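There are 4 protein chains.
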Amino acid sequence: MAEQLKIGVLGASGYTGADLVRLALRHPNMEIVALTANSHAGKPMRAVFKHFAHVDLPDLVTIDEADWGALDAVFCGLPHGTTHTITREIFASHPHVKIIDMSADFRLRDAAIYRSWYGVEHSATDIQPEAVYGLTEVYREKIRNARLIACPGCYPTAVLLALVPLAKAGLIDVSDIVIDAKSGVSGAGRGLKENTLFCESGEGLSPYAVGKHRHMPEIEQEIGVAAGVADLRINFTPHLIPMSRGELCTSYLRLAAGKTAADLRHQLIETYANEPFVTIADEDVLPQTQMVRGSNYVVVNVIPDRIPGRAIVISTLDNLVKGSAGQAVQNFNVAFGLDETTGIEQLPLFP
Amino acid sequence: MAEQLKIGVLGASGYTGADLVRLALRHPNMEIVALTANSHAGKPMRAVFKHFAHVDLPDLVTIDEADWGALDAVFCGLPHGTTHTITREIFASHPHVKIIDMSADFRLRDAAIYRSWYGVEHSATDIQPEAVYGLTEVYREKIRNARLIACPGCYPTAVLLALVPLAKAGLIDVSDIVIDAKSGVSGAGRGLKENTLFCESGEGLSPYAVGKHRHMPEIEQEIGVAAGVADLRINFTPHLIPMSRGELCTSYLRLAAGKTAADLRHQLIETYANEPFVTIADEDVLPQTQMVRGSNYVVVNVIPDRIPGRAIVISTLDNLVKGSAGQAVQNFNVAFGLDETTGIEQLPLFP
Amino acid sequence: MAEQLKIGVLGASGYTGADLVRLALRHPNMEIVALTANSHAGKPMRAVFKHFAHVDLPDLVTIDEADWGALDAVFCGLPHGTTHTITREIFASHPHVKIIDMSADFRLRDAAIYRSWYGVEHSATDIQPEAVYGLTEVYREKIRNARLIACPGCYPTAVLLALVPLAKAGLIDVSDIVIDAKSGVSGAGRGLKENTLFCESGEGLSPYAVGKHRHMPEIEQEIGVAAGVADLRINFTPHLIPMSRGELCTSYLRLAAGKTAADLRHQLIETYANEPFVTIADEDVLPQTQMVRGSNYVVVNVIPDRIPGRAIVISTLDNLVKGSAGQAVQNFNVAFGLDETTGIEQLPLFP
Amino acid sequence: MAEQLKIGVLGASGYTGADLVRLALRHPNMEIVALTANSHAGKPMRAVFKHFAHVDLPDLVTIDEADWGALDAVFCGLPHGTTHTITREIFASHPHVKIIDMSADFRLRDAAIYRSWYGVEHSATDIQPEAVYGLTEVYREKIRNARLIACPGCYPTAVLLALVPLAKAGLIDVSDIVIDAKSGVSGAGRGLKENTLFCESGEGLSPYAVGKHRHMPEIEQEIGVAAGVADLRINFTPHLIPMSRGELCTSYLRLAAGKTAADLRHQLIETYANEPFVTIADEDVLPQTQMVRGSNYVVVNVIPDRIPGRAIVISTLDNLVKGSAGQAVQNFNVAFGLDETTGIEQLPLFP
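Protein chains in written order, with the working numbering: chain X, 15 to 365; chain R, 15 to 365; chain Y, 15 to 365; chain E, 15 to 365.
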């Protein structure tokens, strides 16, 4: 019989936490033993998310009530800035617990950049060097032994899986990258905000956080690493789309001298030949969010630009799965030596 | 190692067929060996449904090209009226093959009623007596040995799971049933119709087929059987809702003398105490399609009416899963002696 | 040149208030001189509603800052329970000002019923007898001279325009009325609530307030008046639909002895022969919200039920226009002796 | 009393034609005397578009049945390639009739470019020089006396109103323009296509026609004219968004040496200071389709890019109004010497 690993979910009342619970409930090696949500502590999970009416789950507790020592892994779905302390504490006192953080708090290696984008001082800089950036396909080997895994943001996952291999191989000019990004509304979370009301975001399309989105420095950091370039600056412009799930990034790229769109596509096919979750679409197929909804898959393709010397790369994923909870489970599988696809093999739900 | 059963899907280019394929691909005891779609024969499945880009599947073939003898089970997702001949032929020549029909063709026991609602003569009346109505929770024992399983329509599944136990127990007046039904657009299929274009059905709500919907006689037949009443007539009024998946039926009922809404709820709790897929919602929880999207679950509840002597029963399901492909897999599991939940344990996708 | 009437809008930061402003800006006889919104006081209207970026409007002020004496009419878009005091004060001190209340506060004639449904004591019962129920087509003559017009709720407008003529003419059994109601999300207002977030109400369908909706007593009151029946009880069951605007009510009726669906339809055609905003649909046309979006029109039709002795009446309107701001303008036109269609002749926006 | 001008609409059964009819019905100087739709000839308009149930309109006729001599103006909403012959014939035989073409057929000045993008030979090249490109704000003076007005495509209208003044003033490098465009589904028309079914385009986002969209040469032509550059090539990448109406273009621009985003914004403010339909949004306001739905307004803003030497320009409009029927009416008003805003003053419908 397969090993049962005990897990806890910090921040189980958000969309990311809930999707982690959904996956964990059907994961053959996970047993959910703690769910925290300070504002809902004491309630059954199904009172907070009605779609869990069919299953048994532990009631929600406060962070203080959870017994970290009893766990093998902690998934953290809290907002940024709230996890430094608790993560540091668990990290220090429970060396056997693996922490898989879906928040933004340990993604940026440079504390100054963290401060300037998130507006708070990072209070756990001492354990930052222990954090592995959880872009599974890129950092798989480091994830195997990591105790603290900082899962990437949803947009960075979509962008980086497409662009990192191209930057690494020197196929593109990383100083001229324009990324027009589009996301469904769940990316904004379950908090009550006027702009995510049905009547405000339905039947309409809004750019937001133009030039200011916090996923920007993450993308710059990782493309910079891949290309060996410091202080990279990209254009990243997100738009809110009237759908719940799904994200699509259209990246407008300048090719390295002599390179073609076909070279880029070939590079991606080669890089991802044996990857279970990255699909390079057939030659004439444009990626669309409908190809990934509810699944851990990413679809990427390269389209020739009419303008010589340029190419268009399109990548898409489900922001709550591969963009968050699914990738977290994927990293869990890697970190515990399980088959990497365990529990996240669901095919996209279409229509 | 678990038994591998070879299956074919007739009509794999419709939404119902595609959702069957989605479930079959992850079912541990199914191997897909044939997919038919006359109008798309010769194409790979992923050219017809892009969300299958991630997996290998047999190419689509015509019905004539399929080798029925090689199969253990055939799922049929063709439109009504098109399956009589092929079903009869397979039934006659391949006694070991189980046929699980998701079309309407073998649901009605009375050929005259079939003719009057579907407008065509039934040409396989000789095998109709062999057909078991595939409402799993009601006909489970007969399904175990059936060779031809006629899966119910999506609306009838939602209505009958809620009302059959009440009618059987004599708790309601079956001569006064009003069912206001609401469905997402996928219920209308993938055929090109003006009223299912995004611009026509989006941001709007339309009643349709009022007094004429073909799921009506099925509901009348089965409530009639449950109550022991012939020639039952109900009111069934469907509405098209701007969402892709999901169905919700609000049934307005007159109680039998002396009965209360609480009696109805108690009856349902008792009936479904051990059923894996039927959830009676907590006392104050109103069923909503968000509780079942993408899953094989049904949620039902009974709400007291302010008008004495009446009650409101609400039931909801995903029309493509429990309302079609999921229930078909559930029946497959029963018919082949597998654990009934195999391959359809997915939790609802929310948001 | 046409007369210019000075108006104020109380509660201009809600959807109802905003739609009133939209109509008033293009009404040839209205001049907007005051907009109140306590929580947004001091802001320009276009900071609160971006779609007003194209026009000049007075900045928002608090209720206390408004000069009622300078106005000819006040439209009130505040939530129920908040308008008693201010309405009473304006009514008492500014006899020339007409008050057109879009809230629920003066719709119910019986203070005890108000208290039991709204949970607060009515503190302006003395002026309640002055209030005219603003269902224009029914109370037009009284509206001409009214100083306080209590515009009906959105659902009641849709239901009553369809059922009042039938009840008055004795064509239906008013003791057996089941109304299955469906509304777009704007009916819930702009307040921040979890269930009206895009991710919660999108791609899903939810019944709500079953047996408890506050529009129920209004409907009972007015059908009771029309039929001459006291203490009427009806079934009214609302559902939240994933669209922004629009409302459709499906009423399941028992016919008076010997009457037919055709009799009902004939009665409605006759009643509304000269009404500019009530359309009886062609014989085989089912009303749908797409027929009225963004307009002041109501569409009604009667559909025969397969069950003898019953009929189905369907009515639809835009909840923010004919269901609120549009009907308020219509009443303004009547009250000031203008052509009744002035400023609300817009045709539906489709798609 | 105002002059009444007789108009006809060619292709009244499409979304563009229908929106023209909607506006014309409330235009004080238009009388609709002919509506053509070959495939629906003989039907009443309200049988083809149910939202016209409230009004009287001439029945649909074939093109051959229409009496062009009786008209003052013809609006053409036919698909491209179908209007050459009829336009030429009307142009030749009825010199007093003004033709306002909403199709693509007379937008491109170069017949070779037309042929290469539209795949058909242009058969009315002789009257092409008479055609004025109907971008009202740019070509107003020529439109006054034009007999043939070729209204721009929806995307070109959104892009060109934003970029033409910048190109003219030499503020941007026109050789490096990337336009990421997003449109609601109505832009694809009412024809039956699988990808515009509700279930296919709902809850999802798809790029389409990447590098191949037919609005590209129009944009290149007009920016080229503005900048005085021949053979311009731009990147134009459209995406299909799950909403019915609305279009938003995000243009990524390289600034001319020494110029800033503020310079661009200032130029636009100056250019459009007295234009009734072009709104430059407040400094921190990002344009969104919700600001224009159902109206003839365009909203534009310039946002500084973090990357030095670059800027982002965002423009949005309703594709069926300012992007088609509304601009056609605006041109009609100009051509007949009416107040330019007549009949198209409607404010956006929000929510």
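Using N, Cα and C, we set each Cβ at its ideal position, and we do this for glycine too. Given the structure is predicted, the values throughout are model-derived calculations rather than measurements.
{"Item": "Among Ala164/Y, Val292/Y, His94/Y, nearest to Gly133/Y - alpha-carbon criterion", "Value": "His94/Y"}
{"Item": "Reference Lys196/Y, options Ile255/Y, Asp124/Y, Pro143/Y, closest by Cα", "Value": "Ile255/Y"}
{"Item": "Classification of Met15/X by the beta-carbon crowding that lies within 10 angstroms, buried from 16 upward", "Value": "Reliability fails at Met15/X, whose pLDDT of 46 lies under 50, so the model's placement of it is uncertain and the value that follows must be treated cautiously. Counting Cβ neighbours within 10 Å, Met15/X comes out exposed, since fewer than 16 surround it."}
{"Item": "Sequence-distant residues of its chain with Cβ nearer than 8 Å to Leu74/Y (five each side left out)", "Value": "Ala26, Ser27, Leu49, Thr50, Ala51, His54, Ala55, Gly56, Lys57, Pro58, Met59, Val62"}
{"Item": "Bridge partner(s) assigned by DSSP for Ala145/X", "Value": "Leu162/X"}
{"Item": "Chain X contact for Phe212/Y (CB, 8 Å cutoff)", "Value": "yes"}
{"Item": "Minimum C-alpha distance to Ile113/X - residue among Ile358/X, Ala342/X, Ile127/X", "Value": "Ala342/X"}
{"Item": "For Met15/E, three-class secondary structure by DSSP", "Value": "Residue placement at Met15/E is flagged as unreliable, the pLDDT there being 47, under the threshold of 50; a coordinate-derived value is accordingly withheld."}
{"Item": "Span separating the alpha-carbon of Leu177/E from that of Thr293/R", "Value": "57 Å"}
{"Item": "Where Thr264/E falls, given that 16 or more other Cβ within 10 Å makes a residue buried", "Value": "buried"}
{"Item": "As assigned by DSSP and simplified to three states, the class of Gly22/Y", "Value": "strand"}
{"Item": "Contact with chain Y by Ser197/X, beta-carbon distance below 8 Å", "Value": "no"}
{"Item": "Asn310/X burial status per 10 Å Cβ neighbour count (16 or more: buried)", "Value": "buried"}
{"Item": "Cross-chain neighbours of Gln302/X in chain E, by beta carbon under 8 Å", "Value": "Gly218, Leu219, Ser220, Pro221"}
{"Item": "C-beta atoms of Pro362/R and Ser258/X nearer than 8 Å", "Value": "no"}
{"Item": "Helix, strand or coil at Lys196/R [DSSP, three-state]", "Value": "strand"}
{"Item": "Arg154/Y beta carbon near the ligand ATP (any heavy atom closer than 7 Å)", "Value": "Judged by which ligands are present, the structure shown has none, so any question about the ligand ATP falls away."}
{"Item": "Sequence-distant residues of the same chain with beta carbon closer than 7 Å to Tyr29/R, five excluded per side", "Value": "Ser200, Gly203, Arg204, Leu334"}
{"Item": "Spatial distance of Lys64/E from Arg154/X (CA atoms)", "Value": "58 Å"}
{"Item": "Closer than 8 Å to chain R by CB, Ser200/Y", "Value": "no"}
{"Item": "Simplified DSSP assignment, three categories, for His65/R", "Value": "helix"}
{"Item": "Spatial distance of His253/Y from Ala118/R (CA atoms)", "Value": "29 Å"}
{"Item": "Cross-chain neighbours of Ala295/Y in chain E, by beta carbon under 9 Å", "Value": "Lys64, Ala67"}
{"Item": "Residue ranges of each beta strand (DSSP E) within the region 308–341 of chain R, 3 or longer", "Value": "312–318, 324–331"}
{"Item": "Within 9 Å of chain Y by C-beta, residues of the region 250–268 of chain R in sequence order", "Value": "Phe250, Thr251, His253, Leu254, Ile255, Pro256, Met257, Ser258, Arg259, Gly260, Glu261, Leu262, Thr264, Tyr266"}
{"Item": "Cβ of Glu232/E within 8 Å of any chain R Cβ", "Value": "no"}
{"Item": "Contact with chain X by Met44/R, beta-carbon distance below 8 Å", "Value": "no"}
{"Item": "Buried/exposed call for Arg268/R, threshold 16 Cβ in 10 Å", "Value": "buried"}
{"Item": "is_contact[Met305/Y, chain E] using C-beta, thresh 8 Å", "Value": "yes"}
{"Item": "Same chain, Cβ closer than 7 Å to Ile104/Y, five either side skipped, listed in chain order", "Value": "Trp82, Val88, Val111, Ile113"}
{"Item": "Local conformation of Thr303/X per DSSP, three classes", "Value": "helix"}
{"Item": "Cβ shell of Ala38/X (< 7 Å), same chain only, five flanking positions each side left out", "Value": "Ile21, Met44, Ile46"}
{"Item": "7 Å Cβ shell around Arg129/Y - same chain, five flanking residues per side excluded", "Value": "Glu135, His136"}
{"Item": "Local conformation of Met230/Y per DSSP, three classes", "Value": "helix"}
{"Item": "Range of the contiguous beta strand (DSSP E) that encloses Phe250/Y", "Value": "249–254"}
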